[in-house]
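**Student:** Counting in our numbering, the final residue of the sequence shown is number 256, and the numbers go up one at a time with none missing.
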Amino acid sequence: MQSSAHTADGTANVPRLAEHFASLEVQNHAARLGMWLFLATEILLFAGLFVCYGCYRFLFPEAWAAGSRSLDLTMGTVNTIVLITSSLTAALAVHYAKEGKNKMVGVMFALTLVMAVGFLVIKYFEYAHKFHIGTLPGRYYFYEGMQMPGITLYFTVYFCSTALHALHVIIGMTVLAVAMVRAFKKKDFGPNNYTMVELGSMYWHLVDLVWIFLFPMLYLV
């Protein structure tokens, strides 16, 4: 992200204008555009998994239904609520950054991180249960209570999609943690300098959006 400099009255910081931009507005617009393009590539990444899901579900509908019923709906629902709430706190962080309330920015991101940890902990218990009973991907599947054509493919798609999503959660946590530390220490977010908070929040919304698709696909359909 761009560096910052104090204004004349010392009450707020403004980002430093890079030489190849005509104004701060253009610079911030370019940063947002870059993030939108990056998010588009992330969506394409998950789209490949969604296509695999659709094809295999068409070929093995019984296995897909059985695999879906074997998942813990309560844990999936709680995780959905946790992520949606974390998107709210991330959005509030942007709101407070625009007002220059750096302490509240840090608090909102801290709450977001706590919920992200909660999401990963719940996912850990889901994974631990599957490792214990043997509902694993591909040739590692050994659960005797559910044997039918295509069932190993279901859990392959399940683990690939949820593990990739969990990786994005961890990346998002890292980005938000950096912004949180900056809000608490430098306290330089304000009306003219909130792009870092905004872009981090945008990435977190992507994490939430992907899960909103994964939850009904894996747990409900």
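For glycine and all other residues, C-beta sits at the position ideal for the given N, C-alpha and C.
The structure displayed is predicted, hence computed values, not measured ones.
Alpha carbon to alpha carbon, how far is W246 from A151?
**Tutor:** By 1-based counting over the sequence shown, the position of residue 246 is 211. By 1-based counting over the sequence shown, the position of residue 151 is 116. So the two alpha carbons sit approximately 12 Å from each other.
**Student:** Please name the residue or residues paired with N228 in a DSSP beta bridge.
**Tutor:** Counting from 1 along the sequence shown, the entry for residue 228 is found at position 193. Partner(s): G225.
**Student:** If we count Cβ pairs, one from each stretch, closer than 8 Å, do we get three or more for the segment 175-194 versus the segment 100-109?
**Tutor:** yes
**Student:** Could you tell me if W71 is buried or exposed, where buried requires 16 or more neighbouring beta carbons within 10 angstroms of its beta carbon?
**Tutor:** Sequence index remark: in the sequence shown, residue 71 carries index 36 (1-based). So W71 counts as exposed.
**Student:** Using the C-alpha atoms, what's the distance from I119 back to T68?
**Tutor:** Here residue 68 is taken as the residue at index 33 of the sequence shown, counted from 1. Here residue 119 is taken as the residue at index 84 of the sequence shown, counted from 1. The displayed chain sequence assigns Leu, not Thr, to residue 68. Those two C-alpha atoms are separated by around 24 Å.
**Student:** Tell me which residue opens and which closes the alpha helix (DSSP H) that L202 is part of.
**Tutor:** Counting from one through the sequence shown, the residue named residue 202 turns up at place 167. Residues I186 to K220.
**Student:** In terms of residue numbering, what span does the alpha helix (DSSP H) encompassing R144 cover?
**Tutor:** Residue numbering aside, residue 144 sits at position 109 when the sequence shown is read from its first letter. Here residue 144 turns out to be Phe, not Arg, going by the sequence shown. Where F144 is concerned, the enclosing alpha helix (DSSP H) stretches over N137 to I168.
**Student:** Which first and last residues belong to the alpha helix (DSSP H) in which R104 is found?
**Tutor:** Position 69 of the sequence shown, counted from the start, is the residue given in the question as residue 104. Note, R104: alpha helix (DSSP H), P96 to S105.
**Student:** If we call anything under 8 Å between Cβ atoms a contact, is A132 one with F224?
**Tutor:** Within the sequence shown, residue 132 is the residue found at index 97, counting from 1. Within the sequence shown, residue 224 is the residue found at index 189, counting from 1. Cβ distance < 8 Å, so A132 and F224 count as in contact.
**Student:** If we ignore side chains and look at the alpha-carbon of each, how far apart do W239 and L127 end up?
**Tutor:** Along the sequence shown, read from residue 1 onward, the residue named residue 239 stands at position 204. Along the sequence shown, read from residue 1 onward, the residue named residue 127 stands at position 92. Spanning the two alpha carbons is a distance of roughly 12 Å.
**Student:** So does the segment 211-218 actually touch the segment 145-160, counting three or more Cβ pairs closer than 8 Å?
**Tutor:** yes
**Student:** Once DSSP output is grouped into helix, strand and coil, what is the label at M183?
**Tutor:** Stepping through the sequence shown from its first residue, residue 183 is reached at position 148. Correct three-state label for M183: coil.
**Student:** In the structure shown, what three-state DSSP assignment does Y88 receive?
**Tutor:** Numbered from its first residue, the sequence shown carries residue 88 at position 53. DSSP places Y88 in helix when its eight states are reduced to three.
**Student:** For the putative contact between L171 and F190, defined by C-beta atoms under 8 Å, what is the C-beta separation to the nearest angstrom?
**Tutor:** Here the question's residue 171 lines up with position 136 in the sequence shown. Here the question's residue 190 lines up with position 155 in the sequence shown. Rounded, the Cβ-Cβ distance is 6 Å, consistent with contact.
**Student:** For L94, which residues in the same chain have their Cβ closer than 7 Å to its Cβ, ignoring the five residues on either side in sequence?
**Tutor:** Walking along the sequence shown from the start, residue 94 turns up at place 59. Around L94: G185.
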